[in-house]
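For reference, the structure is listed below as structure tokens.
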Amino acid sequence: MHVPPIPTLHAADPELAALVEGEAQRQHDVLRMIASENYVSRTVLEATGTVLTNKYSEGYPGKRYYEGQLFIDQIEQLAIDRAKALFGVDHANVQPYSGSPANLAVYLAFAQPGDPVMGLSLPMGGHLTHGWGVSATGAWFRPVRYEVRREDGRIDLDQVRDLARKEQPKIMIAGGTAIPRTIDFPAFAEIAREVGAVLVADIAHIAGLIAGGAHPSPVGYADVITTTTHKTLRGPRGAMIMTTAEHAKAVDKAVFPGLQGGPHNHTTAGIAVALKEASTPDFSRYAHQIVANAKALAAALTERGFDLVTGGTDNHLILIDLTNKGIGGKPVARALDRAGIETNYNTVPYDQRKPFDPSGLRIGTPALTTRGLTEAQMPQIAAWMSDAVDAATKDDEATLNTIAGQVREMLAAYPMPGWEPTR
Ligand SMILES: *Cc1c(COP(=O)(O)O)cnc(C)c1O
1 MHVPPIPTLH AADPELAALV EGEAQRQHDV LRMIASENYV SRTVLEATGT VLTNKYSEGY
61 PGKRYYEGQL FIDQIEQLAI DRAKALFGVD HANVQPYSGS PANLAVYLAF AQPGDPVMGL
121 SLPMGGHLTH GWGVSATGAW FRPVRYEVRR EDGRIDLDQV RDLARKEQPK IMIAGGTAIP
181 RTIDFPAFAE IAREVGAVLV ADIAHIAGLI AGGAHPSPVG YADVITTTTH KTLRGPRGAM
241 IMTTAEHAKA VDKAVFPGLQ GGPHNHTTAG IAVALKEAST PDFSRYAHQI VANAKALAAA
301 LTERGFDLVT GGTDNHLILI DLTNKGIGGK PVARALDRAG IETNYNTVPY DQRKPFDPSG
361 LRIGTPALTT RGLTEAQMPQ IAAWMSDAVD AATKDDEATL NTIAGQVREM LAAYPMPGWE
421 PTR
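Under UniProt numbering, the first residue of the sequence shown carries the number 1, and numbering increases by one thereafter.
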């Protein structure tokens, strides 16, 4: 049963309610190991399901274009103040609809069409919005792409410096979607300062780790910080842009009226709740447990012959190169899904296979850590993954089914916020 319950939805639209219930139970029954996903708290669910969705409030607290902002202003200000306090920044904009629009707002604020902008190449772990060709950010600006070293899979800061000096980017982005290692923000800041680029730290994946003290913070190094709110930060789907006082106005203008209309106030409320949760000692323990779990899982996978990009992890994320297993990422992700283990296929640096059928599998521990799993369960998960990969190479559907049952059985002991068994 969905929590909070949705009886009115069941009565009025049973077709949709059944689908929602189905998804809730599915989230309960499988090991959710997609590195960018999580389970939000019931508190966040309640906040995002409120009448705040009814209200238009273009503008910012105290400067709106519509009347009736007595409470909305206070809600948005609360979210802003909590973001500033949690991350220790001068300024926060909590209105971007999601991570991609947040990044687009930063381009709008600091670059002109055709300007050079620098980011980690997508197949090396960068995000689409860091200047990849199919994204507006790659089509409207001139992307300059840095890479990771072939030898160790780590970001090549010498190449970053050389490229930055040569191409003089207006914006430099540090961060990505498939980086299993700590990002060296001070090194990026030194290079950005030398070439006069605005340094943007895109901490979408690691915001919760930073908030909890489990990853170094870009604050004091980056001019602008963009983040989603729904990954390790464990809030509703949304985003924030945090800046130094110097860049506050430019970013606010770019978000509204530059790019967006009315903010999603129910989401803002959910973000405020998540930020409050993220400022507790409990959350700091959670962030450190995510990393401890990822390290334990990486060790157990290595023991079973999996080849990990960079040889391991410093954060929540593990990138597996399946080349030595003689099978691609896509059939493995599909097989794991049938075994109750939810992941995504991914390119690995210098991938020899095609992007739609790459060599890698990306996994992460944020969601299963929210369920309460610890290092103790990681060897079992690695064993299931190993057996599932073997089964995938042999089209052994029975083994995948057996694993799915075992996963469901184990997870029954770990409640999730958002769903509980019907009594
Ligand atoms: C997830 C992600 C984004 C985009 O977030 P959406 O909410 O999916 O638009 C941007 N940058 C990075 C590094 C991400 O991981």
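Virtual Cβ for every residue (Gly too), placed ideally from N, Cα, C.
- Residue pairing by DSSP puts threonine 228 in a beta bridge opposite Ala239.
- Taking the Cβ atoms as the reference, alanine 294 lies roughly 6 Å from isoleucine 318, within the contact range of under 8 Å.
- Taking the Cβ of aspartate 357 as the reference point, every heavy atom of ligand 1 lies at 6 Å or farther away.
- The segment 319–349 contains, as complete beta strand (DSSP E) runs of 3+ residues, the segments 344–346 (chain order).
- Rounded to whole angstroms, proline 358 and methionine 33 show a C-alpha spacing of 18 Å.
- Annotated as distal: methionine 242 and alanine 102, with beta-carbon spacing of 7 Å or more.
- In this structure, ligand 1 has no non-hydrogen atom nearer than 6 Å to the beta-carbon of histidine 247.
- Exclusion of the five residues before and after histidine 10 leaves Ala17 as the residues of its chain whose Cβ lies within less than 6 Å of its Cβ.
- Taking every protein chain shown into account, the CB of threonine 267 has 16 or more other CB atoms within 10 angstroms, so this residue is buried.
- Under the three-pair Cβ rule at 8 Å, the segment 230–238 does not count as touching the segment 340–351.
- Under the 10 Å beta carbon count, asparagine 38 is surrounded by 16 or more other beta carbons and is classified as buried.
- Only exposed fits phenylalanine 71, as fewer than 16 other CB atoms lie within 10 angstroms of its CB.
- Partner residues in the beta bridge of isoleucine 173, as assigned by DSSP, are Val200.
- Shown here for arginine 82: same chain residues with a beta carbon closer than 8 Å to its own, the five before and five after excluded, namely Ala272, Leu275, Lys276, Ser279 in chain order.
- Between the alpha carbons of glycine 305 and methionine 378 lies a distance of about 15 Å.
- Within the chosen limit of 6 Å, ligand 1 does not reach the beta carbon of alanine 178 with any heavy atom.
- Cβ contact annotation for threonine 228 (same chain, cutoff 6 Å, sequence separation greater than five): Gly99, Ala204, Ala239, in chain order.
- Between ligand 1 and the CB of glycine 125, the shortest heavy atom gap is not smaller than 6 Å.
- Secondary structure at histidine 247: helix, using DSSP grouped into helix, strand and coil.
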